[in-house]
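**Q**
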Amino acid sequence: MSKPTVIDLFAGVGGLSLGFEMCGFDVVLANEYEESIARSYIFNHKETKMIIGDITALNLQNTFLPYKNKIDVIIGGPPCQGFSQKGQRKSINDERNFLFKYFVKVVELVSPKYFVMENVPNLLTAEKGYFKNEITDLFHDLGYTLNCDVLNAADFGVPQNRKRAVIIGKKGDKKVSLPEPYNYKVTVWDAISDLAFLNSGEGMEEQDYYFDAESDYERLSRKDSKKLHNHVATNHSKIALERLSMIPPNSGREVLPQNHLTKSIYSGTWTRMRKDEVSVTITTRFDTPSSGKFTHPYLNRAITVREAARIQSFPDTFVFIGNKSSQMKQVGNAVPPLLANAIAKTIMIDMEKNNE
Numbered sequence: 079m080s081k082p083t084v085i086d087l088f089a090g091v092g093g094l095s096l097g098f099e100m101c102g103f104d105v106v107l108a109n110e111y112e113e114s115i116a117r118s119y120i121f122n123h124k125e126t127k128m129i130i131g132d133i134t135a136l137n138l139q140n141t142f143l144p145y146k147n148k149i150d151v152i153i154g155g156p157p158c159q160g161f162s163q164k165g166q167r168k169s170i171n172d173e174r175n176f177l178f179k180y181f182v183k184v185v186e187l188v189s190p191k192y193f194v195m196e197n198v199p200n201l202l203t204a205e206k207g208y209f210k211n212e213i214t215d216l217f218h219d220l221g222y223t224l225n226c227d228v229l230n231a232a233d234f235g236v237p238q239n240r241k242r243a244v245i246i247g248k249k250g251d252k253k254v255s256l257p258e259p260y261n262y263k264v265t266v267w268d269a270i271s272d273l274a275f276l277n278s279g280e281g282m283e284e285q286d287y288y289f290d291a292e293s294d295y296e297r298l299s300r301k302d303s304k305k306l307h308n309h310v311a312t313n314h315s316k317i318a319l320e321r322l323s324m325i326p327p328n329s330g331r332e333v334l335p336q337n338h339l340t341k342s343i344y345s346g347t348w349t350r351m352r353k354d355e356v357s358v359t360i361t362t363r364f365d366t367p368s369s370g371k372f373t374h375p376y377l378n379r380a381i382t383v384r385e386a387a388r389i390q391s392f393p394d395t396f397v398f399i400g401n402k403s404s405q406m407k408q409v410g411n412a413v414p415p416l417l418a419n420a421i422a423k424t425i426m427i428d429m430e431k432n433n434e
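For the sequence shown, the working numbering assigns the number 434 to the last residue and increments by one with no breaks.
1) Can you tell me which residues form a DSSP beta bridge with Q336?
2) Going by the beta-carbon positions, is the gap between I153 and V254 smaller than 7 Å?
3) Can you name the residues that DSSP bridges to I153?
4) Whose CA, out of I130, K304, D233, lies closest to the CA of L256?
5) Short of 7 Å in beta carbon distance, which residues of its chain neighbour L143, apart from the five on each side in sequence? Order them along the chain.
6) Is M426 helix, strand or coil when you go by DSSP?
7) What does a CB cutoff of less than 7 Å around D302 pick up in its chain, not counting 5 residues either side in sequence?
8) So which of R321, F176, R240 has the shortest CA-CA distance to A386?
9) Let me make sure I understand the geometry here. Which of T347, H338, P327 has the alpha-carbon closest to that of K316?
10) Taking the runs of the alpha helix (DSSP H) that are 4 residues or longer, which of them lie wholly in the region 231-282?
11) Expressed to the nearest angstrom, what Euclidean distance is found between the alpha-carbon atoms of P82 and Y192?
12) On the three-state DSSP scale, how would you describe D302?
13) What separation, rounded to the nearest whole angstrom, lies between the Cα atoms of E355 and Y145?
14) Alpha carbon to alpha carbon, how far is M324 from L334?
15) Going along the chain, which residues of its own chain have a beta-carbon closer than 8 Å to the beta-carbon of T366, five neighbours each way excluded?
16) Could you give the distance in angstroms between the alpha-carbon of V266 and the alpha-carbon of T359?
17) By DSSP's criteria, V310 is part of a beta bridge. Which residues make up the other side?
18) Please work out which residues of its chain come closer than 6 Å, Cβ to Cβ, to L107, disregarding the five sequence neighbours upstream and downstream, and give them in chain order.
19) Quick one: residues in its chain with C-beta nearer than 6 Å to the C-beta of S162, no 5 flanking neighbours on either side, listed in chain order?
20) Straight-line CA distance for L97 to N433?
21) Tell me which residues share the same chain as Y288 and place their Cβ nearer than 6 Å to its Cβ, disregarding the 5 neighbours each side in the sequence.
22) Using a threshold of 7 Å, state whether the C-beta atoms of G400 and S95 are closer than that.
23) When burial is assigned at 16 or more other CB atoms within 10 Å of the CB, is D272 buried or exposed?
24) Provide the residue(s) that pair with Y222 in DSSP beta bridges, ordered along the chain.
25) Return helix, strand or coil for A116, following the three-state DSSP convention.
26) Secondary structure at T435, three-state DSSP: helix, strand or coil?
27) Any idea what DSSP makes of I325, helix, strand or coil?
28) Tell me which same chain residues have a C-beta within less than 6 Å of the C-beta of C101, skipping the five on either side of it?
29) Just reading off the beta strand (DSSP E) that V105 is part of, what are its end residues?
30) Among T134, A318, P190, S391, which has the Cα closest to the Cα of R147?
31) Measuring alpha carbon to alpha carbon, tell me which residue in P327, V236, G247 is nearest Y222.
32) Mind checking who S357 pairs with in its DSSP beta bridge?
As structure tokens, this is what we get:
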């Protein structure tokens, strides 16, 4: 039997794609507008056709109509800067919040059996539910029934508290179930304890593994990987290193003397990750101790791209290419593949039920 087919819109580096591929789906087409991120997608998803470009500038008819009735699932996370907690909340007047209409348009043109749209949790509550109602109505008019909720990646084997609004649509009048939380949690140390203990400024884009995997999660992460990639520690300033050396495990800025307290607005600034807990949400600035709780549990440095990728549940065979700021964006903005995989499984189960 041929694999069920997927189109990934607003694909980023392909966390959603990877989760679906792990479940046996074939991602035939993807779209990402930022070239350096799209190049990294192509490097890691060699079988998928990638269209690099802004979806608002594409000829949607020409691009997507050839796939009409040939695609099982459309997936994607339209960007949502205007729903972000930071800055002014201009959600209804912010055109960046209406990119979901392009997602709707592609669903209309292609007519897949299912779709999955993920976004920030605010999408479901902003403007007294305006956006949620708008999305529900638009898809309902196209003949889809929706099921939506906020899912936390930590409930699905990802060592990170990361909450996302997930909307699953199915053609017809029956809902698809959302995935049920797993009965275990993975900690920061379960995810990164086997990676080389680098100091500030150390590491290489490609190196050997020095330690054996210690947890099932690490063994899974290393499956089929011969080399360790993207494990390079930020070269911190002298003052940052001095500050970090004063912070013991399980501690943060509360132990710093007055002259070392910075004006950072981020919660978790100058705070070590706790090895026996799940991580906070990985952002695109995880290389900076002042931008959140991203300091290594023991070492005097922020986490590396590979450590962040492990906490996002990317396997070690997934290599982030491009410069460092692009790599951080790729990791920080991605949907954790294991969360995507849990969603993919519920759709696969529903498809199998329908085929019976």
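Where is the CB? At the ideal position from N, CA and C, for every residue including glycine.
**A** Taking the coordinates as given:
1) Beta-bridge annotation (DSSP): Q336 is not paired with any residue.
2) No, these two residues do not count as a Cβ contact at 7 Å.
3) The partner list for I153 (beta bridge, DSSP) reads D86, V194.
4) Looking at the Cα atoms, D233 is the closest of the given residues.
5) Scanning its chain for C-beta atoms nearer than 7 Å, with the 5 sequence neighbours on each side dropped, one finds around L143 the residues L187, in chain order.
6) M426 falls in the helix class under three-state DSSP.
7) Excluding its 5 nearest sequence neighbours in each direction, D302 has C-beta neighbours in its own chain below 7 Å: T395, listed in chain order.
8) Ranked by Cα distance from A386, the first of R321, F176, R240 is R240.
9) The residue with the shortest Cα to Cα distance from K316 is H338.
10) Counting only runs of 4+ residues, the alpha helix (DSSP H) found wholly inside the region 231-282 occupies 266-270, in chain order.
11) P82 and Y192: Cα-Cα distance of roughly 11 Å.
12) Residue state, collapsed to three classes: coil.
13) Each residue's Cα considered, the two are about 44 Å apart.
14) C-alpha separation (whole angstroms): 7 Å.
15) Sequence-distant Cβ neighbours of T366 in its own chain, meaning closer than 8 Å and more than five residues away, are T312, F372, A380.
16) C-alpha separation (whole angstroms): 12 Å.
17) Paired residues: G281.
18) I85, K127, listed in sequence order.
19) Residue confidence is low: S162 scores 47 on pLDDT, short of 50, so the model does not pin down where it sits. No coordinate-derived value is stated.
20) For the record, residue 97 in the displayed sequence is Gly; it is not Leu. In a straight line, the C-alpha of G97 is about 22 Å away from that of N433.
21) Around Y288: A274.
22) No.
23) Label assigned to D272: buried.
24) K249.
25) Three-state DSSP puts A116 in a helix.
26) The requested residue 435 does not occur in the structure, where the chain is confined to residues 79 to 434.
27) Residue state, collapsed to three classes: coil.
28) Excluding the 5 residues flanking it on each side, C101 has same chain C-beta neighbours closer than 6 Å at N419, A422, K423, M426, in chain order.
29) According to the DSSP assignment, V105 belongs to the beta strand (DSSP E) that extends over 104-110.
30) Contrary to the premise, residue 147 reads as Asn rather than Arg in this sequence. For N147, the closest alpha carbon among the candidates T134, A318, P190, S391 is that of P190.
31) Of the listed residues, the one whose Cα sits closest to Y222 is G247.
32) S357 is bridged to Q238.
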